[in-house]
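Colleague:
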Amino acid sequence: MMKPGMGSYDRFKELFDTYSKQAGKEQYLIPYFISAHPGTRDEDMVNLALWLKKHRFRLDQVQNFYPSPLANSTTMYYTGKNPLGKIGYKSEEVVVPKGDKQRRLHKALLRYHDPANWPLIRQALEAMGKKHLIGSRRDCLVPAPTLDEMREARRQNRHTRPALTKHTPIVHQRSNGETTAKKPVKRGKVAGR
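Set out below in C-alpha cells:
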C-alpha cells in the first residue's frame, strides 16, 4: 500500500553497499516485513518468499498485521475497501487475510526456511497449483516431504474410531465412567416371544 516496488530496494541496497564500502564500514540492511497485511494475496506472499530465498534472507522475527487506530491499513482491514479512493458500496474491494489459517500461512511463507512451516506451505502451494515450487531444485521454495513426514501425516490422518455397522455393538458410557455394550436389535422379532 503506497510502497515502492522491490526494484527500489535493490537500487537502495546498491547505494548502501557502495557508500558503506567507501566509509570503510561493514554494515547490513535488515528489511522489515509484516505478514497478513490487508491487500496481500497468498500469491503475493509466495512471490515475496521466493524473493527472500533468492536474496538469501532468513527472517526469524515476523509480525502479523495488527489493526491500529488512525491507519489506512486498519480502514482496509475492517471495510475490505481501498481507502485511497472514494469509499462507497461500489468501491474497489481489497483482499483481507483475516482467518487464522491464512494469517498463519502468510507468516509461514516469510519464514519459508523453518521446517515446522513446510507442511503448511506445501499444502498451500498444492492448493494454488504451484507444486513445481516443492522439491530440491534451486528454484523450489520448500523441499518435498521426507519419508518420516509422510508416515507422521498418515498416522495423524488415521481414524481413531471404527465405522459403526448394524453388527457393531453400541457402547454407552455411564456418568461413573463405566461402559455398557448393548447388542444390536434384530429386526422382525418382538422382544419376549
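Residue numbers (this note's numbering): 2 to 194. Even for Gly, the Cβ is constructed at its ideal location relative to N, Cα and C.
#1: Tell me, which residues are paired with I35 by DSSP?
#2: Determine the direct distance from the alpha carbon of A72 to that of I88, and round the result to whole angstroms.
#3: Counting along the chain, where does the alpha helix (DSSP H) carrying H107 start and finish?
#4: Going by Cα to Cα distance, which pick from K91, M7, V97 and Q64 is closest to Y78?
#5: Go ahead and label Y90 buried or exposed: buried means 16 or more other beta carbons lie within 10 angstroms of its beta carbon, across all protein chains shown.
#6: Assuming L49 contacts L142 (C-beta within less than 8 Å), just tell me the rounded distance between them.
#7: P146 and S137 - do their beta-carbons sit closer together than 7 Å?
#8: Please return the same chain residues whose Cβ sits closer than 8 Å to the Cβ of M46, not counting the five positions on each side in sequence.
#9: Hey, how far is the Cα of E27 from the Cα of E15?
#10: What residues match up with K4 in a beta bridge as DSSP calls it?
#11: Which residues does DSSP list as the beta-bridge partners of E94?
Modeller: Once the coordinates are examined:
#1: Counting from one through the sequence shown, the residue named residue 35 turns up at place 34. Bridge partners of I35: Q64.
#2: Translated into positions along the sequence shown, residue 88 becomes position 87. Translated into positions along the sequence shown, residue 72 becomes position 71. So the alpha carbons of these two residues sit roughly 15 Å apart.
#3: Here residue 107 refers to the residue found at position 106 of the sequence shown. From DSSP, the alpha helix (DSSP H) with H107 extends over D101 to L111.
#4: For the purposes of this step, residue 78 is taken as the residue at position 77 of the sequence shown. Measuring from the Cα of Y78, the nearest candidate turns out to be V97.
#5: Here residue 90 is taken as the residue at index 89 of the sequence shown, counted from 1. The residue in question, Y90, is exposed, as its Cβ has fewer than 16 Cβ neighbours within 10 Å.
#6: Counted from its first residue, the sequence shown places residue 49 at position 48. Counted from its first residue, the sequence shown places residue 142 at position 141. Not really, about 11 Å apart at Cβ, beyond 8 Å.
#7: As a first step, residue 137 must be located in the sequence shown, where it is residue number 136. As a first step, residue 146 must be located in the sequence shown, where it is residue number 145. The answer is no: Cβ separation not under 7 Å.
#8: Walking along the sequence shown from the start, residue 46 turns up at place 45. The beta carbon of M46 sits closer than 8 Å to those of S36, L106, H107, L110 and L111, all from its chain and outside the five residues before and after it, given in chain order.
#9: Along the sequence shown, read from residue 1 onward, the residue named residue 27 stands at position 26. Along the sequence shown, read from residue 1 onward, the residue named residue 15 stands at position 14. Straight through space, the alpha carbons of E15 and E27 are spaced by roughly 14 Å.
#10: Position 3 of the sequence shown, counted from the start, is the residue given in the question as residue 4. DSSP output for K4 lists no bridge partner at all.
#11: Along the sequence shown, one-based indexing puts residue 94 at 93. E94 is bridged to K82.
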